[in-house]
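Enquirer: Got a structure for you, written out below as structure tokens; questions coming shortly.
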Amino acid sequence: MKNPFNYFLFFLVVFLLCFSLLFLACMSAPESLKKFGTTNYYLLHQLLFGFLPAAVLGFIAYKIPLSFLKKWAWLFVLLNLGFLFVVFLPGIGSSANGASRWIHLGVANIQPSEFLKITAILYLSAWIASKLSETGSGDWKSRTKKGYHNIIYILVPFLIFLGLIAIALIFQNDASTLGIISITLLVLYFSAKTPFWHTLLVTFSGASILLFLIKFEPYRLNRWLIFLHPDSDPLGKGYQLRQSLISLGSGGVFGKGLGMSVEKFGALPQAMSDSIFAIMGEETGAVGCIALIVIFILFFWLGIKIAKNSGDRFSKLTATGIVFWITFQAFINISSVAGIFPLAGIPLPFFSYGGSHLVIELIGVGLLLNISKNT
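Below you can see the structure in the form of structure tokens.
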């Protein structure tokens, strides 16, 4: 059944995008003038290589048949996994801050790990939907009456898929993205009514691997130590967190006003990307921060409502994965900037400077609107 266009979700995202571009125009001007001699370089770059391709691909995601995505989801994720290793090829891959995560295209870079957030959701949703359709009743139990069948038929393929993603992202030193994708896929796996002990086993295994990665990678260990003891090295490893908290606190209740931030003049590292929420707190105050949090909660509610009303299992799982991923990433970013979670190094959805994450987020929104109209 065709439903009317979901204007509520559409205009909510449009509002976020408009405000983010206005905010970026104000905060990027000093850095843009310093590096490029013009105040609008970063804004134009975000418009041309972020917003424009994101809008086009988002519209395609809205129009494309969901059956086509379900059929070819395996190919999309396979190609995406291949591109994750292309970043290591000389002359093609691009590195920054000790991490190889980008493919250089001359005027812009593409980060394949961002696209994995949506291709992995599509593949797992299609795989679960196809497996459950084989049972005839939509229930794992009708196909998997014995425990060892549960392991072979359900758990092992899921662990292999998760393992391939983990290997690719660990080589890129991108544990934060790995965490976002892994938890999103685990939520999808659990929401498909798989045996609960599977979720507990995967969660325990993932936590063990995380502890291993933290212990044997100094910068990850330092992030946790600074999180636990933020004043131990305020001018060194804890500098970014300290400046984030100063920026947030200095905004007070109503903020200093758009464009009036002091921290954006080089005091706060990654001000346009990972730490943009801190600048928002400085310029719009607690009122602006709370309003943004409420908007993300509203986005989550609208997305879950779309998932709940979806007419087929693939659409339901895809919508659930998209809305959880975007909202979860938003709150991880906000929490890390506010000092209630270790610095994660992930963008704030729809707001942070960068094209790859914006493109994939608008593709996700396009798919949500697509699912909504086909309920």
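Each number in this note's numbering comes from the position in the sequence shown (counting from 1) with 71 added on.
Ideal Cβ positions, reconstructed from N, Cα and C, are used throughout, including at glycine.
(1) Measure the CB-CB distance between Phe-385 and Lys-188 and report whether it falls below 8 Å.
(2) Within the same chain, show all residues whose beta-carbon is closer than 8 Å to that of Phe-86, passing over the 5 residues directly before and after it, in chain order.
(3) With a threshold of 6 Å on Cβ separation, who are the neighbours of Ala-415 within its own chain once the five nearest residues in sequence on each side are excluded?
(4) What separation, rounded to the nearest whole angstrom, lies between the Cα atoms of Trp-268 and Leu-115?
(5) Take Val-157 and list the residues in its own chain whose beta-carbon comes closer than 8 Å to its own, dropping the five residues that flank it on each side.
(6) Can you check the region 305-330 for any alpha helix (DSSP H) of at least 4 residues that lies completely inside it and give the ranges in chain order?
(7) Which runs of the beta strand (DSSP E) spanning at least 3 residues fall entirely within the region 122-207, listed in chain order?
(8) I believe Ser-99 touches Tyr-113 by the beta-carbon criterion, under 8 Å. Please report the beta-carbon distance rounded to the nearest angstrom.
(9) Give a yes or no on contact between the region 418-432 and the region 323-338, applying the rule of three or more CB pairs nearer than 8 Å.
(10) Return the residue from the list Gly-326, Leu-319, Met-331 and Leu-339 that minimises the CA-CA distance to Tyr-310.
(11) Would you give the residue range spanned by the alpha helix (DSSP H) that Tyr-260 belongs to?
(12) Would you check if the region 341-356 and the region 148-155 touch, i.e. whether three or more CB-CB distances between them fall below 8 Å?
(13) Tell me which residues share the same chain as Ser-321 and place their Cβ nearer than 7 Å to its Cβ, disregarding the 5 neighbours each side in the sequence.
(14) So, with DSSP's three-state summary, where would you put Arg-214?
(15) I'd like to know if the region 362-382 and the region 235-252 are in contact, where contact means that at least 3 CB-CB pairs between them fall below 8 Å.
(16) I need the DSSP call for Tyr-424, collapsed to helix, strand or coil.
(17) Reducing DSSP to helix, strand and coil, say where Leu-339 ends up.
(18) Measuring CB to CB, does Ala-378 end up less than 8 Å from Thr-391?
(19) CB-CB under 7 Å to Gly-374, same chain, minus the five flanking residues each way: which ones, in chain order?
(20) What's the C-alpha gap between Phe-325 and Leu-388?
(21) Quick check on DSSP: helix, strand or coil for Ser-381?
(22) Can you tell me the Cα-Cα spacing of Ala-126 and Leu-433, whole angstroms?
(23) Report the CB separation of Phe-81 from Leu-429 in whole angstroms; it is logged as a contact under 8 Å.
(24) Would you kindly work out how many angstroms separate the C-alpha atoms of Ala-357 and Gly-435, rounded to a whole number?
(25) Does the separation of the CB atoms of Asn-180 and Ser-443 fall below 8 Å?
(26) In its own chain, which residues sit with a C-beta less than 6 Å from the C-beta of Gly-437, not counting the 5 before and 5 after it?
(27) Taking the Cβ atom as the reference point for each residue, do Leu-118 and Thr-110 lie within a distance shorter than 8 Å?
(28) Apply the 10 Å Cβ neighbour rule to Ile-135 and answer buried if 16 or more other Cβ atoms are within range, or exposed otherwise.
(29) Asn-380 to Thr-446, Cα distance in whole Å?
Expert: For this structure:
(1) Against the sequence shown, residue 385 aligns to sequence position 314. Against the sequence shown, residue 188 aligns to sequence position 117. No, the pair does not count as a contact, with Cβ atoms beyond the cut-off.
(2) Residue mapping note: residue 86 aligns to position 15 of the sequence shown, counting from 1. Contacts found: Ile-366.
(3) Position 344 of the sequence shown, counting from 1, holds the residue named residue 415. Excluding residues within five positions, the ones whose Cβ falls inside 6 Å are Ser-247, Ile-403 and Ser-407.
(4) Walking along the sequence shown from the start, residue 268 turns up at place 197. Walking along the sequence shown from the start, residue 115 turns up at place 44. Spanning the two alpha carbons is a distance of roughly 50 Å.
(5) One-based indexing of the sequence shown puts residue 157 at position 86. Cβ neighbours of Val-157 beyond the five flanking positions: Ile-163, Gly-164, Ile-174 and Pro-183.
(6) As far as the region 305-330 is concerned, its whole alpha helix (DSSP H) runs of at least 4 residues are 310-321.
(7) 164-167 and 170-175
(8) For the purposes of this step, residue 99 is identified with residue 28 of the sequence shown, where counting begins at 1. For the purposes of this step, residue 113 is identified with residue 42 of the sequence shown, where counting begins at 1. Going by Cβ atoms, the distance from Ser-99 to Tyr-113 rounds to 4 Å, so yes, they are a contact pair.
(9) no
(10) Here residue 310 refers to the residue found at position 239 of the sequence shown. Relative to Tyr-310, the option among Gly-326, Leu-319, Met-331 and Leu-339 whose CA is nearest is Leu-339.
(11) Counting from 1 along the sequence shown, the entry for residue 260 is found at position 189. Unbroken alpha helix (DSSP H) run through Tyr-260: 246-262.
(12) no
(13) Residue mapping note: residue 321 aligns to position 250 of the sequence shown, counting from 1. So the qualifying residues of the chain are Glu-353.
(14) Taking the first residue of the sequence shown as position 1, residue 214 is located at position 143. Any reading at Arg-214 must be qualified, since the residue scores a pLDDT of 49, below 50, and its modelled position is unreliable; the value itself is stated next. Arg-214: coil per DSSP, three-state reduction.
(15) no
(16) The residue labelled residue 424 in the question sits at position 353 within the sequence shown. Coil.
(17) For the purposes of this step, residue 339 is identified with residue 268 of the sequence shown, where counting begins at 1. Looking at Leu-339 - three-state DSSP - the assignment turns out to be coil, as it is neither helix nor strand.
(18) Locating residue 378 in the sequence shown gives position 307, counting from the first residue. Locating residue 391 in the sequence shown gives position 320, counting from the first residue. With contacts defined by Cβ atoms closer than 8 Å, Ala-378 and Thr-391 form a contacting pair.
(19) Looking up residue 374 in the sequence shown gives position 303. Result list for Gly-374: Ala-390, Ile-393, Val-394 and Leu-439, in chain order.
(20) Residue mapping note: residue 325 aligns to position 254 of the sequence shown, counting from 1. Residue mapping note: residue 388 aligns to position 317 of the sequence shown, counting from 1. Rounded to whole angstroms, Phe-325 to Leu-388 spans 39 Å at the Cα level.
(21) On the sequence shown, residue 381 is found 310 positions in, with the first residue counted as 1. Under the three-state reduction of DSSP output, Ser-381 falls in the coil class, being neither helix nor strand.
(22) If you number the sequence shown from 1, residue 126 lands on position 55. If you number the sequence shown from 1, residue 433 lands on position 362. Cα to Cα, Ala-126 sits roughly 7 Å from Leu-433.
(23) Here residue 81 refers to the residue found at position 10 of the sequence shown. Here residue 429 refers to the residue found at position 358 of the sequence shown. Not a contact, Cβ separation roughly 16 Å.
(24) On the sequence shown, residue 357 is found 286 positions in, with the first residue counted as 1. On the sequence shown, residue 435 is found 364 positions in, with the first residue counted as 1. If I take the Cα positions, the gap works out to 29 Å.
(25) To locate residue 180, count along the sequence shown from 1; it is residue 109. To locate residue 443, count along the sequence shown from 1; it is residue 372. No, the pair does not count as a contact, with Cβ atoms beyond the cut-off.
(26) Residue mapping note: residue 437 aligns to position 366 of the sequence shown, counting from 1. Within the same chain, Gly-437 has close Cβ partners Gly-129, Ala-132 and Tyr-133.
(27) The residue you call residue 118 lines up with position 47 of the sequence shown. The residue you call residue 110 lines up with position 39 of the sequence shown. No, they are not a contact pair.
(28) Taking the sequence shown and counting its residues from 1, one reaches residue 135 at position 64. With fewer than 16 Cβ atoms within 10 Å of its Cβ, Ile-135 is classed as exposed.
(29) Counting from one through the sequence shown, the residue named residue 380 turns up at place 309. Counting from one through the sequence shown, the residue named residue 446 turns up at place 375. Take the alpha-carbon of Asn-380 and the one of Thr-446: they are about 6 Å apart.
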